[in-house]
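What follows is a set of notes on a single structure, which appears directly below.
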Amino acid sequence: MSVPKKCQVLVIGGGPAGSYASTVLAREGVDVVTLEADNFPRYHVGESMLPSLRVYLKFIGLYERFNSMNWYKKYGASFHLNRAQPPGFIDFATKDRPEGYSWNVIRSEFDDILFKYAGECGAKIFDGTKVNEIKFESCAGMTIHGMGAEDINPGRPVSATWSRKDGTTGSISFDYLVDGSGRQGLLSTKYLKNRSFNEGFRSIAFWGYWTGCGKTHLGTSREGYPVFEALKDGSGWCWFIPLHDGTTSVGFVQNQKIATERKKQQDGSTKTLYMDSFKLLKVFQPLFKDAKHVEEKGVKMTSDWSYSATTYALPYARIAGDAGAFIDPLLSSGVHLALTGGLSAAATIMASMKGDLDEQAAASWHSKKQSESYYRVFLTVSAFMEQIWSQEKPVIHDANEDGYQRAFLTLKPVMQGAVDVQSEKELSKADVNKVLDFCSHAFEHFEQDKKSAIFDRLQQKGIDLANLDNDMHKLLQEFQKELSVEETRVLENIRAKQLYNQFFGEGRADLDAVDGLELNMISGKLTLVATTA
Numbered sequence: 000m001s002v003p004k005k006c007q008v009l010v011i012g013g014g015p016a017g018s019y020a021s022t023v024l025a026r027e028g029v030d031v032v033t034l035e036a037d038n039f040p041r042y043h044v045g046e047s048m049l050p051s052l053r054v055y056l057k058f059i060g061l062y063e064r065f066n067s068m069n070w071y072k073k074y075g076a077s078f079h080l081n082r083a084q085p086p087g088f089i090d091f092a093t094k095d096r097p098e099g100y101s102w103n104v105i106r107s108e109f110d111d112i113l114f115k116y117a118g119e120c121g122a123k124i125f126d127g128t129k130v131n132e133i134k135f136e137s138c139a140g141m142t143i144h145g146m147g148a149e150d151i152n153p154g155r156p157v158s159a160t161w162s163r164k165d166g167t168t169g170s171i172s173f174d175y176l177v178d179g180s181g182r183q184g185l186l187s188t189k190y191l192k193n194r195s196f197n198e199g200f201r202s203i204a205f206w207g208y209w210t211g212c213g214k215t216h217l218g219t220s221r222e223g224y225p226v227f228e229a230l231k232d233g234s235g236w237c238w239f240i241p242l243h244d245g246t247t248s249v250g251f252v253q254n255q256k257i258a259t260e261r262k263k264q265q266d267g268s269t270k271t272l273y274m275d276s277f278k279l280l281k282v283f284q285p286l287f288k289d290a291k292h293v294e295e296k297g298v299k300m301t302s303d304w305s306y307s308a309t310t311y312a313l314p315y316a317r318i319a320g321d322a323g324a325f326i327d328p329l330l331s332s333g334v335h336l337a338l339t340g341g342l343s344a345a346a347t348i349m350a351s352m353k354g355d356l357d358e359q360a361a362a363s364w365h366s367k368k369q370s371e372s373y374y375r376v377f378l379t380v381s382a383f384m385e386q387i388w389s390q391e392k393p394v395i396h397d398a399n400e401d402g403y404q405r406a407f408l409t410l411k412p413v414m415q416g417a418v419d420v421q422s423e424k425e426l427s428k429a430d431v432n433k434v435l436d437f438c439s440h441a442f443e444h445f446e447q448d449k450k451s452a453i454f455d456r457l458q459q460k461g462i463d464l465a466n467l468d469n470d471m472h473k474l475l476q477e478f479q480k481e482l483s484v485e486e487t488r489v490l491e492n493i494r495a496k497q498l499y500n501q502f503f504g505e506g507r508a509d510l511d512a513v514d515g516l517e518l519n520m521i522s523g524k525l526t527l528v529a530t531t532a
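This is the structure in C-alpha cells:
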C-alpha cells in the first residue's frame, strides 16, 4: 500500500502518543494516516508502566489481548531516596483490588503492538517513512494563547512532505495534524521554536541489561518490585526493572556536569562510567552477586534533559507525548503522558470535527490539558528530586518522621497516573489538591537568602519568570548557563513553586475538567462535554 495523497488526520510518529491517537481516531471512523520514521519493531528504553495503562487499553479494546501476554507484572515499586531512611513503597495491587497491577514491558514489543493495532483498527500505518516538511496556509482570526504572553498562529498546517531511505518521496494533504514525533518534536522545534529546557533536570542516562539478578524484597509481599535508588552522592538515581525475558534493565540518571567530569577522569568510555557507577549504590549491590552483564546489548547512553513547550496546539494541530514535553523518568510517567496526550489530541479533534466546539477552543483545551498533566508530574518529580539532591534535609517528610510512607500515600494519585484517567471517578478533588499542597510544601526547604540572591540576579538580567514568552525563555536559558549546580536547583525550586501557583494555586485541580469541559470517554461518541457537577 502506498501513502495516500490525502486524509482527514495525519499523525506524525508511531510511538505510544501517535499510535494511540491513531487508534482512537480510527475507531471513531476518521480517515487516519500514520507516518513513522523508524522501522518497527525498534528499540526504546522506558520499560516501566503505570496502572493508568489499563484504562487506556480498555478504551481501545486492547486490554484483554495485552493482559494475556507474558509481560512482567508490576504490583508496585519501591523508592530508596535517602540512605538514612527506610524505603517508600507504592502498592498498585491491594487485597481489595488485586487486579490493580501494571507491567514492565520490552518497549520494542510494546510499541510494535500499539503501532500494528492502530492499523488493525483502520488507520493507514507506514513505518520507515519520515516527514520532512509541513506546509502552512494563512489562518486569520485564530490564535492559540501560549503559557507565556505570546499568541501563536503560524497558520494552519495543510500538507506534509515525506521520504523513505529507498529514495521514494511524496506529499500528503490533511485537515488535522497530530505531532507525535517524539523528541524530534517537529512542530515545537522547527516551526514554533518554543521548547525550553529545565536546567535543574539536565541529566545523562546510561544503562544496560543483566541476567541472573537477585529478586528485590525477597520473601516479602513486595518481592520482585522494581526499585529506584538515590545515588550515595545525591547526584542522581538508579533504576532496577525486571523484564519478562529474564533480563533486568539497570540504568543510572545523573547530573550531566557530574557524569561528564567523571567520564573525563576515567578512560572516556560509557561502559567504564556505567560499571563504576555501581559503587554509588547501597540497596542494589547484593542483587548482582551472581548477575552477568548482557555484553551483546552493550551500554547505552542518551541525554535525559527535561523540557516543555509554551503551547501544545495550534489551529488544526495537536502536539502529544515527547514531541511536546519530557520529564525525568523517576516516576515512569513517559508512556502515561504520551497516552494522555494522544487521547486528548483525538478527543479535541473529534469535538472540532463534529462542531461540538469551535477549533480554537478545542485546540486551547488540549494545550491546557497537556500543561496541567505535565506539571502535575513535574511538581511531584521535583519534590522527589529535591529529596535525592538534599540527602541531609527532610524534604518530603518531617524532621521527626521515620520514612516516606506518608508522602507516598499522599502522592499515589500522580504516581499511579490515576489523576488523568477518571473513568471510574475514584478520586476526589480534595485528593488531588493534597498532592499539590504536599509538593508545594516540599519547595520551602531552601533558605530565603539563597532564593533572594537568585531573584536579584534575575531582575538584573531583566528576566520576569511570570512572563515567560519565547524571548524571555531564551534569556532565561542563557542565564542558567552561569549558575552552579546548587544555584540551578534553587532556580528550579523557585520555578516549581511558581508553576504550582500558576496552574493550581487559585482554581485548584478540577481533575479532568479544563475550561468547564471534560472528555466524553465513550467509544463512538468521543468528544468534549460540559462538566457535570
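With numbering that gives the first Met the number 0, letter number 17 in the sequence shown gets 16, and the count goes up by one each step, no holes.
The beta-carbon is built from N, C-alpha and C at its ideal position, and this holds for glycine as well.
Only a predicted model underlies this, so the values are computations on that prediction, with no experimental measurement involved.
Per DSSP, the unbroken beta strand (DSSP E) holding aspartate 174 starts and ends at 168 to 178. Residue environment for isoleucine 387: buried (at least 16 other C-beta atoms within 10 angstroms of its C-beta). Residue pairing for cysteine 6: DSSP places it in a beta bridge opposite Phe173.
Lysine 299 has Trp206 as its beta-bridge partners, per DSSP.
Residue burial annotation: aspartate 275 is exposed, with fewer than 16 other C-beta atoms found within 10 angstroms of its C-beta.
Within a 10 Å sphere around the beta-carbon of proline 97 sit fewer than 16 other beta-carbons, which makes this residue exposed. Under DSSP, histidine 79 forms a beta bridge with Glu228. Looking only at Val44, Tyr55, Leu9 and Pro40, the smallest Cα-Cα distance to serine 522 is reached by Tyr55. Inter-residue distance for alanine 346 and isoleucine 112 is about 22 Å (C-alpha atoms, whole angstroms). The three-state reading of DSSP puts glutamate 35 in coil, since its state is none of H, G, I, E or B. The alpha carbon of lysine 367 has as its nearest neighbour, out of Ser187, Gly211 and Val513, the alpha carbon of Val513. If you draw a straight line from the Cα of serine 451 to the Cα of proline 393, it comes to about 22 Å. In this structure, Ala316 is the residue among Ala316, Thr271 and Val528 with its C-alpha nearest to the C-alpha of valine 8. Going by beta carbons, serine 332 and asparagine 103 fall outside the 9 Å limit.
Contact between alanine 122 and alanine 337 does not hold, since their C-beta atoms are separated by about 16 Å, which reaches or exceeds 8 Å. Looking at the DSSP output, serine 101 shares a beta bridge with Lys73.
The C-beta separation of leucine 356 from leucine 475 comes to about 34 Å, leaving the pair out of contact by the 8 Å criterion. The closest CA to that of glycine 515, considering only His292, Pro153, His365 and Leu230, is found on His365.
Beta bridge pairing from DSSP links glutamine 253 with Ile203 and Gly235. DSSP places proline 153 in the coil class of the three-state scheme, outside both helix and strand.
Under DSSP, glycine 87 shares a beta bridge with Phe78. Look at isoleucine 124 here: in three-state DSSP terms it is strand. Excluding its 5 nearest sequence neighbours in each direction, valine 413 has C-beta neighbours in its own chain below 7 Å: Arg375, Val376, Thr379 and Val434, listed in chain order. Around the beta carbon of aspartate 90, a 10 Å sphere encloses 16 or more other beta carbons of the protein chains shown; the residue is thus reported as buried. In this structure, the alpha-carbon of aspartate 321 lies about 14 Å from that of aspartate 110. Going by beta carbons, glutamine 415 and proline 50 fall inside the 9 Å limit. For leucine 338, no beta strand (DSSP E) encloses it; the enclosing alpha helix (DSSP H) starts and ends at 333 to 353. Around the beta-carbon of phenylalanine 407, 16 or more other beta-carbon atoms lie within 10 Å, marking it buried. Taking C-beta separations shorter than 7 Å and ignoring five residues to either side along the sequence, the partners of lysine 72 in its chain run Tyr100 and Trp102, following chain order.
Threonine 531 and threonine 409 have their alpha carbons spaced roughly 26 Å apart. Here arginine 194 really is in contact with tyrosine 306; their C-beta atoms are around 5 Å apart, less than 8 Å.
For asparagine 66, the enclosing alpha helix (DSSP H) starts and ends at 62 to 66. Taking C-alpha positions only, threonine 246 is separated from asparagine 66 by approximately 20 Å. Here the segment 173 to 181 does not lie against the segment 194 to 203, with fewer than 3 beta-carbon pairs under 8 Å apart.
Sixteen is the threshold: since fewer than 16 other Cβ atoms of the shown chains lie within 10 Å of the Cβ of leucine 217, the residue is exposed. Judged by beta-carbon spacing, lysine 281 lies beyond the 9 Å limit of glutamate 222, meaning their Cβ atoms are not closer than that value.
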